[in-house]
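Some notes on the structure that comes next.
Residue numbers (the working numbering): -2 to 42.
Here it is in structure tokens:
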């Protein structure tokens, strides 16, 4: 059976803006290291 992991991105992978709306690319800001952590999770599943 293939393993699956669901991660809610808001407040987990991206920083939530003050108005709590990601309605423009300019508001999209990832937490440092998030992509290396996701890569590690994917390789260990």
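A virtual CB, placed ideally from N, CA and C, is assigned to each residue, including glycine.
Excluding five sequence positions before and after residue 12, the CB atoms of its chain that fall closer than 8 Å to its own CB belong to 26, 27 and 28, given in chain order.
C-alpha of residue -2 to C-alpha of residue 16: approximately 41 Å in a straight line. For residue 21, there is no enclosing alpha helix (DSSP H), since its DSSP letter is neither H nor E. Where residue 34 is concerned, the enclosing alpha helix (DSSP H) starts and stops at 31 to 41.
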